[in-house]
Each structure stands twice: as C-alpha cells, then as structure tokens.
Amino acid sequence: MTGNNGWRVAFGAAAALLLLALGALVREAEARQEPSGGAELTVVFPGE
-13 MTGNNGWRVA FGAAAALLLL ALGALVREAE ARQEPSGGAE LTVVFPGE
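Each step along the sequence shown adds one to the number in the working numbering, with nothing skipped, and position 7 is -7.
Laid out in structure tokens, this is it:
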C-alpha cells in the first residue's frame, strides 16, 4: 500500500457520507411534499 491509498480511502468515505446525507435530505423533502401532492391526486382522480 502506498501513502496515496489512505487519502483515497478517506476521500471515498467522505464522498459516501455526503451521498447518504443528501439522500436523506431528499427523502425528507419528498416526505414533506407528499401530503399536498396526495391531496392533489385525490382531487384529480375522482374527476376522471
């Protein structure tokens, strides 16, 4: 193993944590918008 591998592992771990954090934020934002979106779908669906 060379010294560069340590940086690669650290950078890869940091990138993975950032992706997980972004994914959690996106899911939380979608969950907050879901009730209003569900209401819109409920209003539109019986109209068909």
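Cβ atoms here follow ideal geometry from the backbone N, Cα and C, with glycine treated the same way.
- CA-CA distance, A2 to E14, rounds to 18 Å.
- When only Cα atoms are considered, V(-5) and L4 end up about 14 Å apart.
- Counting only the Cα atoms, R18 lies some 17 Å from A7.
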